[in-house]
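Numbering (my numbering), first residue to last: 1232 to 1447. Every residue gets a Cβ at the ideal spot worked out from N, C-alpha and C, and that includes glycine. Please read the structure below before turning to the comments.
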Amino acid sequence: MAILSPSILSADYMNMQRDIQQSADCGVKWLHVDIMDGHFVPNLSFGYSMVQSLRKITDQVLDVHLMIDRPIRYVEEFCKAGADYLTIHVEADTQENTLAALDKIAAMGVKPGVVVKPKTPAEAVKPFLSKCALVLVMTVEPGFGGQKFMADMMPKVKQLREMINAENPECHLEVDGGVDLNTCVTCKENGANVLVAGSAYFRAEDKVTFTKEMEK
Ligand code: DX5
Ligand code: ZN
């Protein structure tokens, strides 16, 4: 069974609490929170005060995706704000600092993870895998919602599923970008078990059915 993690990047920001409550009512267990710094990616979104505010209104799992340069500078703030999972990009710093950031996250009682951009190979995850509770594969270039799903990322998902099964079977494998009711099928077939959906989820008229379909 898969887990749906709707990306609140596509929510209605003036009605965030309504959208979150509605997701909980529709059986959504996780929420994906995209943090962008305008530097690692060419866009800005929210900071840790958003995570803090979300934490006050929901018990759903907060799956926080940091698209920021040298995330080690900020991981403690995001942990304190109430993230459940905190993922950092392998491209965003040196291997040494990424390892140290994952340790910092775990020391704060939060589940750490790494993310790979489309051009980054599965092997780049290897040095970090034993420390990860989640590995996230981008299926679009990070920075914006509503982009086209990159089906050519599926061999990488498959390869990471094999690595995870061999080395750290408890670790989740998540996909993010252009995931909808059609593209989720190949993601699951290739071994992803957490599916981020931004525009597809918030566009769906029947969110109960959407959630069930994604998670089956
Ligand atoms: C992109 C973000 C995604 C985005 C997904 O940089 O990481 O989480 O919100 O949006 P959709 O599902 O619309 O591609
Ligand atoms: Zn994301």
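Enumerate in chain order the residues of its own chain whose CB-to-CB distance from residue 1343 is below 7 Å, with the five nearest sequence positions on each side excluded.
-> 1317, 1333, 1336, 1337, 1362, 1363 and 1364
Beta-carbon proximity of residue 1349 to residue 1384, cut-off 8 Å | yes
Indicate whether residue 1374 and residue 1429 have their beta-carbon atoms separated by less than 8 Å.
-> no
Is the CB of residue 1434 under 8 Å away from at least one CB in chain D?
-> Reference to chain D is not applicable here, since this structure consists of a single protein chain.
Leaving out five residues before and five after residue 1369 in sequence, what residues of the same chain have Cβ atoms less than 7 Å from its Cβ?
-> 1346, 1347, 1348, 1349, 1407 and 1408
Minimum C-alpha distance to residue 1415 - residue among 1390, 1400, 1443 and 1256 | 1443
Starting from residue 1395, trace the alpha helix (DSSP H) both ways and give me its first and last residue.
-> 1385-1398
Closer than 7 Å: is that where the CB of residue 1240 sits relative to any heavy atom of the ligand DX5?
-> yes
Looking only at its own chain, which residues have a Cβ that is under 6 Å from the Cβ of residue 1236, when we skip the five neighbours before and after it?
-> 1261, 1263, 1294, 1425 and 1427
Between the beta-carbon of residue 1276 and the beta-carbon of residue 1265, is there less than 8 Å?
-> yes
Residue 1317 (DSSP reduced to helix, strand or coil) | strand
Return helix, strand or coil for residue 1302, following the three-state DSSP convention.
-> helix
Please determine if the stretch 1276-1288 and the stretch 1306-1313 are in contact, where contact requires at least 3 C-beta pairs separated by less than 8 Å.
-> yes
CA-to-CA distance, residue 1399 to residue 1289, given in whole angstroms = 29 Å
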